[in-house]
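S.K.:
Number of protein chains: 2
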Amino acid sequence: MAAAKLSLKPAMERVAADIDRQFDLLLRVPDDPRRPLYEAMRHAAIGGGKRVRPLLTVATAELFNVDRQRAIRTATAIECIHVYSLVHDDLPAMDDDDMRRGKPTVHKAFDEATAILAGDSLHALAFEILGEDATSPDPFVRSELMLELARASGPSGMAGGQMMDLAAEHGDFDLPTVTRLQQMKTGALIGVAVEAGAILGRVPPEGRTGLRGYARDLGLAFQIADDLLDVEGDEAVAGKALNKDAAAGKATFLSLLGVDRAREQAAALVTQAVAHLRSYGPEADLLRALAHYVVERDR
Amino acid sequence: MAAAKLSLKPAMERVAADIDRQFDLLLRVPDDPRRPLYEAMRHAAIGGGKRVRPLLTVATAELFNVDRQRAIRTATAIECIHVYSLVHDDLPAMDDDDMRRGKPTVHKAFDEATAILAGDSLHALAFEILGEDATSPDPFVRSELMLELARASGPSGMAGGQMMDLAAEHGDFDLPTVTRLQQMKTGALIGVAVEAGAILGRVPPEGRTGLRGYARDLGLAFQIADDLLDVEGDEAVAGKALNKDAAAGKATFLSLLGVDRAREQAAALVTQAVAHLRSYGPEADLLRALAHYVVERDR
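What follows is the structure in structure tokens.
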């Protein structure tokens, strides 16, 4: 794994730079009263985050020799959904966060109305990007990417998971319920990030079983690592407030498993995620390295 | 026009019933912690509104002999976007409205977090509906519908228009700026509602010029009529608070033109809208009747 790990950092940096460039081009500030809307979208979208989802799309697309620029466009659309969800989740009525990625949250830097509209705009922008010919000249591929992204982000996916997450503070959720919550809230979008690379490579659904298994286990490992960082992390490194779940009495993997079993579970999920890639050779080393990274990261 | 007007009411009622039925089927309340999310979506989506946009899609689709059920599915997706925009626009940070369609707004009947997520969920649901095979077996049609809907609802369309509308309270907007604002805020979605019928009928873009002109003039007439209702309407009939724009000192067609010129302008736009349909025979009578209706309605 040492060689694969060594190549992870430059791959992450390259994807992050590509995504920033895409957002910079897509979000040119117009000279009209929409200026604060675009500035808010840029504030949220540019220059932050680990870009784990875009890297997943690019790394999977590489398995199937998809043109890198097409993969980057699709990855940007998926990241639009992730960023919009952060902007809305941070709102006072939701998680009420002041800091995100080391900067004030959008409603703090601008105002609530602008934050709501910036989120809504990034949401629509995701589908604009995917719908344009430049992303994929094949309408079947465009249509499938849009459908999968809509499913992953809607009431059966991310938005539904966030609703369950809000209820987790009051409910007495057990491990299966928390697992389902997280598979919807973060797992669905991680799943579409992985699968998008295969869709771009015209891999039929039955050829994506291994990648789906990888994404499912990776998503849960990612969430457990997030829970651990929430209690053990450094706020300055994380760039956001920590320890919020425990303070709110929210049911999480950590509150249900405890630190030691949560850490064991995350490690087991990474091993399982990597095992799902057994039919791939060294071309999947980036996906393998990323699986190890998600539980070893410090933010 | 008498015969056409006579047939408008049953056509509107039939479409309204079809849309309610679609929402009822799409939004079955799950037996899990997402229950309030679905209840909030149902509260917002079912049993209210004039369903002008769905009727536009169905009436245009009829021109091109599109299967009615396909038109209804597409119309439901477009109405999802309209409903989500109402839910978000009503939020305290935006227009802060307590009543909508004669019922409490979603954040009043539920809470703000649920209203934000219900809007986000309806937003994603629109693309889920359009992305499914059942809506259109042709992936090119599916992909074009999704792209046009994303453009109409994003920062260059509805969301951008709403941002300009918020700025209209503080800005000193002139008539061209208010016209552009309204073309984005309400015109873009009305445009896609009309054009969707033609897209389903596989009419190429160059064959949609008349319909686009019709939609543009209709959209502006619709907005001027809305402005007039805001000062002259009956709150009980409208089902929402009125007189808000004038109270906020917002630049509108009405504040810029005055009541008499605004009424003349709306009538002129309807005449123009109908003139754009000159290449169609009696099969476009429903669209003609609808153009007259939008300036004559009382809510």
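Protein chains in written order, with our numbering: chain A, 1312 to 1610; chain B, 1312 to 1610.
Idealized CB from N, CA, C, for every residue including glycine.
Just the Cα atoms here: how many angstroms apart are Thr1488(A) and Ser1467(A)?
M.R.: Computed Cα separation, rounded: 14 Å.
S.K.: Using a Cβ-Cβ cut-off of 8 Å (strictly less than) and excluding sequence neighbours within five positions of Asp1407(A), which residues of its own chain qualify?
M.R.: Correct list, in chain order: Asp1401.
S.K.: Does DSSP put Pro1448(B) in a helix, a strand or coil?
M.R.: Pro1448(B): coil per DSSP, three-state reduction.
S.K.: For Lys1555(A), does the three-state DSSP call read helix, strand or coil?
M.R.: In this structure, Lys1555(A) counts as helix in the three-state DSSP scheme.
S.K.: So that I know if they touch, is there some Cβ in chain A lying closer than 7 Å to that of Ala1313(B)?
M.R.: The predicted model places Ala1313(B) with a pLDDT of 48, which falls under 50 and marks its position as unreliable, so this point remains unresolved.
S.K.: Give a yes or no on whether 7 Å exceeds the smallest Cβ distance from Asp1475(A) to chain B.
M.R.: Residue identity differs from the one stated: residue 1475(A) is Met in this sequence, not Asp. Cβ-Cβ to chain B under 7 Å: yes for Met1475(A).
S.K.: Tell me which residues of the stretch 1412-1433 of chain A have at least one Cβ-Cβ distance to chain B shorter than 9 Å, keeping chain order.
M.R.: Under the 9 Å Cβ criterion, the stretch 1412-1433 of chain A contributes His1418, Asp1422, Glu1423, Ala1424, Thr1425, Ala1426, Ile1427, Leu1428, Ala1429, Gly1430, Asp1431, Ser1432, Leu1433.
S.K.: Can you tell me which of Leu1397(A), Asp1556(A), Glu1423(A) puts its alpha carbon nearest to the alpha carbon of Ala1619(B)?
M.R.: This structure does not reach residue 1619(B), given that chain B is present from 1312 up to 1610, and the question cannot be answered.
S.K.: In chain A, which residues lie with their C-beta within 8 Å of the C-beta of Tyr1349(B)?
M.R.: The answer, in chain order, is Pro1466.
S.K.: Return yes when the Cβ of Tyr1349(A) is within less than 7 Å of the Cβ of Leu1336(A), no when it is not.
M.R.: It is not a contact, given that the beta carbons lie outside the stated cut-off.
S.K.: Is the beta carbon of Lys1551(B) less than 7 Å from the beta carbon of Arg1411(B)?
M.R.: In this structure, Arg1411(B) lies closer than 7 Å to Lys1551(B) by Cβ.
S.K.: Around the Cβ of Val1253(A), are there at least 16 other Cβ atoms within 10 angstroms (buried) or fewer (exposed)?
M.R.: Since the first residue of chain A shown is 1312 and the last is 1610, residue 1253(A) is not available in this structure.
S.K.: Would you mind telling me which residues of chain B sit closer than 7 Å to Arg1345(A), beta carbon to beta carbon, in chain order?
M.R.: Neighbours of Arg1345(A) on chain B, chain order: Pro1466, Gly1471, Met1474, Met1475.
S.K.: Taking 7 Å as the limit between beta carbons, can you name the residues of its chain near Leu1529(A), skipping five residues before and five after?
M.R.: The residues are Ile1501, Ala1584, Ala1602, Val1605.
S.K.: Tell me whether His1481(B) is buried or exposed, calling it buried when 16 or more other Cβ atoms sit within 10 Å of its Cβ.
M.R.: Under this definition His1481(B) is an exposed residue.
S.K.: Using beta-carbon positions only, say whether Met1457(B) and Met1469(A) come within less than 7 Å of one another.
M.R.: For Met1457(B) and Met1469(A), no; Cβs fall outside 7 Å.
S.K.: Using a C-beta to C-beta distance shorter than 7 Å, which residues of chain A count as neighbours of Phe1451(B)?
M.R.: The contacting residues are Pro1450.
S.K.: Chain B beta carbons: is any one of them nearer than 7 Å to that of Glu1439(A)?
M.R.: Yes, its Cβ sits closer than 7 Å to a Cβ of chain B.
S.K.: If you check the beta carbons only, do Pro1365(A) and Glu1390(A) fall under 7 Å apart?
M.R.: Yes.
S.K.: What residues of chain A sit near Arg1462(B), judged by a beta carbon separation below 7 Å?
M.R.: Chain A residues near Arg1462(B): Glu1439.
S.K.: Tell me which residues share the same chain as Val1326(A) and place their Cβ nearer than 8 Å to its Cβ, disregarding the 5 neighbours each side in the sequence.
M.R.: Closer than 8 Å at the Cβ level, and outside the excluded window around Val1326(A), lie Arg1362, Pro1365, Leu1366, Val1369, Ile1383, Ala1386.
S.K.: Relative to the alpha-carbon of Pro1448(A), which residue among Pro1448(B), Glu1443(B), Ala1445(B), Ser1454(B) has its alpha-carbon at the smallest distance?
M.R.: If we check each option's Cα against that of Pro1448(A), Ser1454(B) comes out closest.
S.K.: From the beta carbon of Gly1560(B), is the nearest beta carbon of chain A less than 7 Å away?
M.R.: Answer no: the Cβ-Cβ gap between Gly1560(B) and chain A never drops below 7 Å.
S.K.: Under 7 Å, do Ala1479(B) and Ala1562(B) count as touching if we go by C-beta distance?
M.R.: Closer than 7 Å, so yes.
S.K.: Per DSSP, what kind of secondary structure is Pro1365(B) in: helix, strand or coil?
M.R.: Helix, per DSSP.
S.K.: What is the DSSP secondary structure of Lys1320(A), counted as helix, strand or coil?
M.R.: If DSSP states are grouped into helix, strand and coil, Lys1320(A) belongs with the helices.
S.K.: Comparing C-alpha positions only, which one of Gly1498(B), Leu1428(B), Gln1493(B), Gly1508(B) sits nearest to Ala1595(B)?
M.R.: Ranking the options by Cα distance to Ala1595(B), first place goes to Gly1508(B).
S.K.: Taking the alpha-carbon positions, what's the Gly1592(A) to Leu1374(A) distance?
M.R.: Taking the straight line joining both Cα atoms gives about 9 Å.
S.K.: How long is the line joining the alpha carbons of Asp1476(A) and Arg1513(A), rounded to whole angstroms?
M.R.: Asp1476(A) and Arg1513(A): Cα-Cα distance of roughly 35 Å.
S.K.: How would you call Asp1431(A), buried or exposed, if buried means at least 16 neighbouring beta carbons within 10 angstroms?
M.R.: Classification for Asp1431(A): buried.
S.K.: If you reduce the DSSP assignment to three classes, tell me which class Met1266(B) lands in.
M.R.: Because residue 1266(B) is not part of the residues shown, which for chain B are 1312 to 1610, the question remains open.
S.K.: Note down, in chain order, each residue of its chain lying with its Cβ closer than 6 Å to the Cβ of Glu1546(B), except the 5 sequence neighbours on either side.
M.R.: Answer for Glu1546(B): Leu1553, listed in chain order.
S.K.: Can you check whether the C-beta of Leu1458(A) is within less than 7 Å of a C-beta belonging to chain B?
M.R.: Answer yes: the Cβ-Cβ gap between Leu1458(A) and chain B drops below 7 Å somewhere.
S.K.: Please classify Gln1380(A) as buried or exposed, where buried requires at least 16 other C-beta atoms within 10 Å of its C-beta.
M.R.: Under this definition Gln1380(A) is an exposed residue.
S.K.: Quick one: is Met1495(B) buried, meaning 16 or more other Cβ sit within 10 Å of its Cβ, or exposed?
M.R.: Burial call: buried.
S.K.: By the criterion of Cβ-Cβ separation under 7 Å, what are the contact partners of Ala1478(A) in chain B?
M.R.: Simply Pro1344.
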